[in-house]
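Just below is one structure, and these are the notes that go with it.
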Amino acid sequence: MLHIEHLHVNIGDKEVLRDINLHVDEGETHVLLGPNGSGKTTLLMTIMGYSNYTIMKGKITFKGEDVTTMHAHERAMRGIGMMFQRPPTVSGLKLGKMLTAISRTKQENIPELAKTVHMDKFLERDINKGFSGGEIKRSEVLQLMIQNPDFVMLDEPESGVDLENISLIGTTIGALLEKDKHLAKRRKSGLVITHTGYILDYLDADKGHVMCDGQIRCHGNPREILKDIKQRGYRECLECRNQ
Amino acid sequence: MPNLSKTDQNRLAQSGIDLSMKNRCGSYLQMDQDIVHSECSQEGIEVLSYKKAMEKYDWMKEYAWKVVSPEKDDITRYVAAQKEPKGYVIIAHKGSNNIFPIQACLFLGKDQIQHVHNIIIAEEGAELHIVSGCTSGEHVGIGGAHYGISEFYVGKNAKISFTMIHNWSENIEVYPRSASVVGENGVFLSNYVCMQPVKKVQMYPTATLKGANSVARFSSIVISTPGSNMDLGSRAVLEAPGASAELITRAITKGGTIISRGHINGKVAGTRGHLECKGLILQDGVIYAIPEIEGSVVGTELSHEAAVGKIARDEIEYLMSRGLDENEATATIIRGFLDVRISGLPEALQQQIDASIDVAEKSGF
Chain A
9 MLHIEHLHVN IGDKEVLRDI NLHVDEGETH VLLGPNGSGK TTLLMTIMGY SNYTIMKGKI
69 TFKGEDVTTM HAHERAMRGI GMMFQRPPTV SGLKLGKMLT AISRTKQENI PELAKTVHMD
129 KFLERDINKG FSGGEIKRSE VLQLMIQNPD FVMLDEPESG VDLENISLIG TTIGALLEKD
189 KHLAKRRKSG LVITHTGYIL DYLDADKGHV MCDGQIRCHG NPREILKDIK QRGYRECLEC
249 RNQ
Chain B
2 MPNLSKTDQN RLAQSGIDLS MKNRCGSYLQ MDQDIVHSEC SQEGIEVLSY KKAMEKYDWM
62 KEYAWKVVSP EKDDITRYVA AQKEPKGYVI IAHKGSNNIF PIQACLFLGK DQIQHVHNII
122 IAEEGAELHI VSGCTSGEHV GIGGAHYGIS EFYVGKNAKI SFTMIHNWSE NIEVYPRSAS
182 VVGENGVFLS NYVCMQPVKK VQMYPTATLK GANSVARFSS IVISTPGSNM DLGSRAVLEA
242 PGASAELITR AITKGGTIIS RGHINGKVAG TRGHLECKGL ILQDGVIYAI PEIEGSVVGT
302 ELSHEAAVGK IARDEIEYLM SRGLDENEAT ATIIRGFLDV RISGLPEALQ QQIDASIDVA
362 EKSGF
């Protein structure tokens with residue numbers, strides 16, 4: 009579904025991603041691990057098509073189509089979606105209005121959908137303004153439910169979320185990724201950034217990648233990598249050259 | 002109702018004037034200097050021409066030129082000098098209230114100066130909602146001007162909401178001169194919407210809060226296009242304990258000039274006021290915010306915030322990542338920026354304000 013080859017990305021004059029190669033097949037969920045500042049969010053934003061991440065070299069192919077130079081909305085229309093860790097506050101723009109704009113001609117029952125993630129009371133609130141950590145995540149998940157992307161990127165879906173909400177968010181994301189469907193029928197793919205791994209209880213990730221200094225250094229079973237990191241930190245993981 | 006071209010009827014509708022009278026309880030329509038319509042079906046509320054009101058009620062002269070001075074400036078002097086004063090008087094008698102607003106329409110069809118003197122009174126316990134649509138016809142050629150005096154009297158426990166929607170054109174100059182006085186527990190809401198071009202608007206309405214616990218809220222939502230010069234302000238004078246005022250402005254320039262003035266004067270203890278001006282510069286133009294707060298006693302609490310800038314790139318891209326193209330994302334953010342919910346305003350009027358912004362949105366702001 010998503011294929012990244014030799015991707016080099018700059019922010020301004022500074023190189024922030026170096027020679028990234030990543031392949032996510034249909035139905036697969038991958039996990040991105042790595043210390044703070046290693047480039048995980050940068051990679052997601054680049055895949056989403058944010059304009060201040062300049063692709064210097066390399067190629068992003070999505071469902072067989074080269075999307076390297078496409079704008080964010082063109083990628084979104086093709087089925088790429090993202091749950092942001094820190095989405096901006098848009099003063100005056102009501103969450104309900106945003107959801108209506110996203111749903112376009114789809115006949116979604118927005119209030120009913122909002123209820124499923126306990127966001128029905130937030131539809132008349134300015135988007136993200138004064139939202140708690142958990143509320144931001146639920147608002148993001150709700151937007152993704154309406155957008156219904158085929159490739160779902162999640163930037164630390166569990167950060168700032170209490171235990172009760174993790175279960176709600178995890179289950180909802182699981183449904184977005186069709187984890188409730190049999191493997192053979194699963195079409196949705198995901199790429200998830202996590203530090204704690206709590207979200208993996210709901211996602212059953214297939215592969216893990218460790219990033220450091222703007223590079224992917226290591227691949228493997230996500231649970232094993234996470235266990236290693238928890239025991240020994242990132243040091244050994246970063247020495248891994250199992251690419 | 003007069004014979005109007007389809008275009009002019011549409012322009013009236015965009016200014017909040019519903020010729021079918023649906024959701025309206027009364028109307029006043031003045032074309033140039035001719036009063037063509039004046040009625041009200043609501044018991045306890047009268048809509049009269051200025052002339053008729055003066056003839057009918059001897060006490061009306063106690064209300065004329067009392068909160069706006071005829072000597073204020075050239076505009077007031079011009080209107081005061083008219084032998085045949087025009088305009089409307091709306092009286093909400095004690096305890097009356099209108100669920101559906103009264104519409105007052107001032108229509109400028111020919112090149113000239115249109116002058117009006119309006120007096121709006123809500124007696125004790127009365128509640129009065131007015132939408133004032135001001136527009137010019139498609140046949141105004143080289144230009145015209147509108148001079149409007151408005152005096153508002155909000156009695157004890159009374160409420161007036163006055164929503165003015167301007168829909169002039171590039172060749173019209175507009176000089177409203179208005180002031181209000183608010184009694185004990187009274188509420189005065191003044192809303193101004195101008196999404197369309199105008200050559201010049203200059204106004205600085207003042208609310209004097211004389212009664213304890215009285216409230217004034219001014220909300221202005223404006224877009225200035227190239228050639229439009231808008232000098233807008235609002236002032237609240239807090240003269241009684243518990244009085245509070247809120248002055249909110251959302252201003253967008255697409256090449257025109259907006260001066261956004263505001264002044265809250267806290268004269269006694271136990272008063273509160275907040276002034277907020279947010280401006281977006283979409284194309285090079287001027288937004289000049291001059292917020293003033295003046296407190297002269299211990300126990301008045303006044304604040305202001307003003308910000309002028311552009312739409313943040315990350316906000317646009319956030320919406321783009323949900324599938325909106327850049328233009329749609331920008332328009333959606335602007336729509337949100339202009340979306341001021343006015344507490345205490347009837348839904349029909351809030352919808353009218355929203356509808357005027359919708360028209361601007363459809364043309365891509």
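Chains A and B supply the protein sequences, listed in that same order.
Each residue of the first sequence is one higher than the one before, starting from 9 at the first, in the numbering used here.
Each residue of the second sequence is one higher than the one before, starting from 2 at the first, in the numbering used here.
Even for Gly, the Cβ is constructed at its ideal location relative to N, Cα and C.
Nearest-angstrom Cα separation, counted from residue j out to residue i
i: ASN250 of chain A; j: TYR242 of chain A; result: Note that ASN250 of chain A scores a pLDDT of 49, beneath 50, so its modelled location is shaky; the value from the coordinates is reported in the next line. Straight-line Cα distance between these residues: approximately 15 Å.
i: ILE335 of chain B; j: THR97 of chain A; result: 14 Å
i: GLY271 of chain B; j: VAL299 of chain B; result: 9 Å
i: VAL17 of chain A; j: MET53 of chain A; result: 11 Å
i: SER70 of chain B; j: PRO206 of chain B; result: 13 Å
i: VAL223 of chain B; j: LEU101 of chain A; result: 17 Å
i: THR333 of chain B; j: LYS52 of chain B; result: 46 Å
i: GLU228 of chain A; j: GLY216 of chain A; result: For clarity, residue 228 of chain A is Gly in the given sequence; the question names Glu instead. Each residue's Cα considered, the two are about 5 Å apart.
i: ASN173 of chain A; j: LYS48 of chain A; result: 24 Å
i: ARG178 of chain B; j: LEU107 of chain B; result: 15 Å
i: LYS67 of chain B; j: GLN93 of chain A; result: 59 Å
i: PHE366 of chain B; j: HIS38 of chain B; result: 33 Å
i: ILE68 of chain A; j: GLN353 of chain B; result: 47 Å
i: ILE143 of chain B; j: ILE154 of chain A; result: 52 Å
i: LEU191 of chain A; j: VAL39 of chain A; result: 18 Å
i: GLY138 of chain B; j: GLY142 of chain A; result: 53 Å
i: ASP59 of chain B; j: VAL90 of chain B; result: 13 Å
i: ARG236 of chain B; j: ARG86 of chain A; result: 52 Å
i: ASP33 of chain B; j: ILE294 of chain B; result: 39 Å
i: VAL183 of chain B; j: ARG83 of chain A; result: 56 Å
i: GLU63 of chain B; j: ASN4 of chain B; result: 37 Å
i: HIS79 of chain A; j: SER162 of chain B; result: 46 Å
Residue i vs residue j beta-carbon contact at 9 Å
i: HIS203 of chain A; j: GLU148 of chain A; result: no
i: PRO230 of chain A; j: LEU41 of chain A; result: yes
i: PRO102 of chain B; j: HIS130 of chain B; result: yes
i: ILE88 of chain A; j: MET56 of chain A; result: yes
i: HIS275 of chain B; j: LEU303 of chain B; result: yes
i: ASN60 of chain A; j: ARG314 of chain B; result: yes
i: GLY134 of chain B; j: LEU325 of chain B; result: no
i: GLY178 of chain A; j: ASP221 of chain A; result: no
Residue i, enclosing beta strand (DSSP E) - first and last residue
i: TYR29 of chain B; result: 27-32
i: ASN328 of chain B; result: No beta strand (DSSP E) holds ASN328 of chain B; the alpha helix (DSSP H) holding it covers 327-339.
i: MET127 of chain A; result: Run containing MET127 of chain A: none; DSSP gives neither H nor E here.
i: TYR319 of chain B; result: Element bounds for TYR319 of chain B: not the beta strand (DSSP E) but the alpha helix (DSSP H), 314-321.
i: GLN115 of chain B; result: 114-123
i: MET219 of chain A; result: 215-220
i: SER390 of chain B; result: Here chain B covers residues 2 to 366 and nothing more, so residue 390 of chain B does not appear.
i: THR254 of chain B; result: 245-255
Any non-hydrogen atom of the ligand SAM within 8 Å of residue i CB
i: ASP209 of chain A; result: For the structure depicted, the ligand SAM is absent and the ligand set is empty, with no information on it obtainable.
First through last residue of the alpha helix (DSSP H) which encompasses residue i
i: ILE358 of chain B; result: 348-363
i: ASP232 of chain B; result: From DSSP, ASP232 of chain B is part of no alpha helix (DSSP H) but of the beta strand (DSSP E) over 230-239.
i: ARG86 of chain A; result: 80-86
i: GLY142 of chain A; result: 141-155
i: THR76 of chain A; result: Here THR76 of chain A belongs to no alpha helix (DSSP H), and DSSP marks it neither H nor E.
i: MET55 of chain B; result: 51-57
i: PRO230 of chain A; result: 230-240
i: ILE294 of chain B; result: Unbroken run through ILE294 of chain B is the beta strand (DSSP E), 287-296; no alpha helix (DSSP H).
i: LEU10 of chain A; result: That residue, LEU10 of chain A, is in no alpha helix (DSSP H); its beta strand (DSSP E) goes 10-19.
i: GLY182 of chain A; result: 171-184
Chain-ordered neighbours of residue i on chain B, where CB pairs are closer than 7 Å
i: ALA122 of chain A; result: None at all; the shortest Cβ gap to chain B is about 16 Å.
i: PRO95 of chain A; result: TYR319
Chain-ordered chain A contacts of residue i [CB-CB under 8 Å]
i: THR207 of chain B; result: Simply none; closest approach about 28 Å.
Chain B contact residues for residue i, given Cβ-Cβ distances below 9 Å
i: LYS105 of chain A; result: THR333, ARG336, GLY337 and ASP340
Partner residues on chain A for residue i, Cβ-Cβ distance less than 9 Å
i: ARG12 of chain B; result: Per Cβ cutoff of 9 Å: no residues; ARG12 of chain B is ~27 Å from chain A at best.
Within chain B, partners of residue i - CB distance below 8 Å
i: GLN151 of chain A; result: ARG323
Partner residues on chain A for residue i, Cβ-Cβ distance less than 7 Å
i: GLU316 of chain B; result: PRO96 and VAL98
7 Å Cβ cut-off: residues of chain D touching residue i
i: GLN115 of chain A; result: The structure shown contains no chain D; its protein chains are A and B.
The segment 151-165 of chain B touching the segment 119-129 of chain B, judged by at least three CB pairs closer than 8 Å: yes
Contact between the segment 215-229 of chain B and the segment 244-259 of chain B (3+ Cβ pairs under 8 Å): yes
The segment 191-202 of chain A touching the segment 23-36 of chain A, judged by at least three CB pairs closer than 8 Å: yes
Cβ pair count under 8 Å reaching 3, the segment 350-366 of chain B against the segment 112-128 of chain A: no
Cβ contact (3+ pairs, closer than 8 Å) linking the segment 189-203 of chain B and the segment 167-181 of chain B: yes
Segment contact, 8 Å Cβ cut-off, at least three pairs: the segment 208-215 of chain B with the segment 240-247 of chain B: yes
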